[in-house]
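Quick note: the sequence shown uses the numbering used here, first residue 1, plus one each step. Note that the Cβ used here is the ideal one computed from N, Cα and C, for glycine as well. Contents: one structure, followed by commentary.
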Amino acid sequence: MAITGSILWGIMGVTSQYLLQIKGLPALWVVTIRMFFAGIVLLLADYCIYKRDFFAPWRDKKTIVHMLIFSFVTIMWVQYAYLSAVEHMNAAMATVFVSLAPIATIVWMSLRSWCIPKFHELLCCISAVLGATVMATHGDMTTLSISQEGIIYGIMLPIAGVVYTVQPGYLMKNFRPSNVTGWGLLLGGTALLPITQPWHIPGAVDMDAFTIFNIVYTVLFGTAIAFWTFLASLKYIKPQIAAIYELVEPVSAIFLSVWLLEVMYQLPEFLGTVMILCPVLYLSLIKESHNIMRLLRKKL
1 MAITGSILWG IMGVTSQYLL QIKGLPALWV VTIRMFFAGI VLLLADYCIY KRDFFAPWRD
61 KKTIVHMLIF SFVTIMWVQY AYLSAVEHMN AAMATVFVSL APIATIVWMS LRSWCIPKFH
121 ELLCCISAVL GATVMATHGD MTTLSISQEG IIYGIMLPIA GVVYTVQPGY LMKNFRPSNV
181 TGWGLLLGGT ALLPITQPWH IPGAVDMDAF TIFNIVYTVL FGTAIAFWTF LASLKYIKPQ
241 IAAIYELVEP VSAIFLSVWL LEVMYQLPEF LGTVMILCPV LYLSLIKESH NIMRLLRKKL
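Here is the structure:
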C-alpha cells in the first residue's frame, strides 16, 4: 500500500507537469480542481467503509480550530507549493525537494528545543543542502539552472512538509487520517472555488481527451487513492518504514519524467538526488533500528 501510494504520487507529478507546462493551466486552477474533487472522493470512500464518526472532527471547539487551520492553511499551502514547484521546475526536481521535509523537520525541532542536532543528523542536513544546491546550480555555483521562482517554491516545499507533519498531529492521532484529509481537501478546494472559478477554462487551453484524462488521474489516482493507500498502510507498518517506501515517489517521478516528458536529468541532478535521498533513507533506518533496540531492552 505504501509503495502503491508513493508510485501514484510520483506519476501524479508527471501528469501535473503535463497540465502546467505543456497545456498551460495555472497552478492554482489545478490545485482547486484537485483538492475539491479529491476531497469528495476521499470522504465518500471513508463514509462507505466506516459508516461512523463521519463528522467527529467538527464536534469540539478545539478540533474545529485545528481543522480550519489544516484546511485553509496547511493542506492548501502544501498543494499550491508542490504544483507551483512542478510548474517552475519539473516533476522530478519538485518531488526530490519534497523529500527534504525530514531534514527540515530536524532543523525545526533543533531550533524549537534550542539544541544542536546529533552529529549524524548534522551530516545528513549538510549532505541534503549540498545536494539541493548542486541540483539548483547544475554543478556550477556561479549560475542557476532553475528559475528564481523555482528556487523559492523549492525552498517552500520542505517547510510546507514540516507544517504538514507537525500541525495536524493532534487530528491524525484522534481521528481517521482519511476523514481528516478528506475534509481538509474539500474545504480548502471549496474556499478556492470563487477565486479560481474552475468552470471557466483558462485562456486558449484545449481540453482534449488526453488533457481530461490527466486531470482525472491527478484527482482520482494521484490524490484520493494515493492518500488512501498510503494512509491505510500505516495500519500495518510503522511510519518510519512507510517513510522509506515513500522514497519510491521521487524515483518514479524521475524515471517517468525522463521517459515520457524527455526531461534532461544529467549527472549533477543525479548526484544531487543521491545526496538528498540517501540521508533521508539513513535517518529512517536509524529511527527504525532505535525502536527495535528499545523493544529488545524491554523484553530483556
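Discussion item. Out of 52, 133 and 192, which one is the CA nearest neighbour of residue 175?
Written reply: Locating residue 175 in the sequence shown gives position 175, where the first residue counts as 1. For the residues 52, 133 and 192, the minimum Cα distance to residue 175 belongs to 52.
Discussion item. Can you tell me where the alpha helix (DSSP H) holding residue 230 begins and where it ends?
Written reply: Locating residue 230 in the sequence shown gives position 230, counting from the first residue. Start and end: 226-233.
Discussion item. 8 Å is my cut-off, CB to CB: does residue 232 come that close to chain B?
Written reply: No chain B appears in this structure, which consists of one protein chain only.
Item to complete: In the DSSP assignment, find the unbroken alpha helix (DSSP H) run with residue 12 in it and report its ends.
Response: For this step, residue 12 is matched to residue 12 along the sequence shown. From DSSP, the alpha helix (DSSP H) with residue 12 extends over 2-17.
Item to complete: Leaving aside the five residues before and after residue 301 along the sequence, list all residues of the same chain whose C-beta is less than 6 Å from its C-beta, in chain order.
Response: Lying outside 1 to 300, the shown extent of the chain, residue 301 is not represented and no answer is given.
Discussion item. So, for residue 36: in the same chain, excluding its five sequence neighbours on each side, which residues have a beta-carbon less than 7 Å away from its beta-carbon?
Written reply: For the purposes of this step, residue 36 is identified with residue 36 of the sequence shown, where counting begins at 1. Here the set comprises 186, 189, 190 and 193.
Item to complete: Take the Cβ of residue 125 as the centre, count every other Cβ of all protein chains shown within 10 Å, and call the residue buried at 16 or more, exposed below.
Response: In the sequence shown, counting from the first residue as 1, residue 125 sits at position 125. Buried, because 16 or more other Cβ atoms sit within 10 Å of the Cβ of residue 125.
Worksheet item: Three or more beta-carbon pairs under 8 Å between the segment 134-152 and the segment 87-95, yes or no?
Response: yes
Worksheet item: In whole angstroms, what separates the C-alpha of residue 303 from that of residue 251?
Response: Outside the shown range of the chain (1 to 300) lies residue 303, about which nothing can therefore be said.
Practice prompt. With DSSP as the reference, label residue 75 as helix, strand or coil.
Written response: As a working note, residue 75 is residue 75 in the sequence shown. In the structure shown, residue 75 sits in a helix (DSSP, three-state: H, G or I).
Worksheet item: Leaving out the 5 sequence neighbours to the left and right, which residues in its chain are closer than 8 Å to residue 257 when beta-carbon positions are compared?
Response: Residue numbering aside, residue 257 sits at position 257 when the sequence shown is read from its first letter. 13, 14, 17, 90, 91, 92, 263 and 265.
Practice prompt. Spatial neighbours of residue 76 within its chain, please: CB distance less than 6 Å, with the 5 preceding and 5 following residues excluded, ordered by chain position.
Written response: For the purposes of this step, residue 76 is taken as residue 76 along the sequence shown, with counting starting at 1. So the list reads 188, once near-sequence residues are dropped.
Practice prompt. With a 10 Å radius around its C-beta and 16 neighbouring C-beta atoms as the bar for buried, classify residue 207 as buried or exposed.
Written response: For this step, residue 207 is matched to residue 207 along the sequence shown. Residue 207 comes out exposed.
Practice prompt. Return helix, strand or coil for residue 115, following the three-state DSSP convention.
Written response: Numbered from its first residue, the sequence shown carries residue 115 at position 115. If DSSP states are grouped into helix, strand and coil, residue 115 belongs with coil.
Item to complete: Determine the direct distance from the alpha carbon of residue 95 to that of residue 183, and round the result to whole angstroms.
Response: Position 183 of the sequence shown, counted from the start, is the residue given in the question as residue 183. Position 95 of the sequence shown, counted from the start, is the residue given in the question as residue 95. So the alpha carbons of these two residues sit roughly 24 Å apart.
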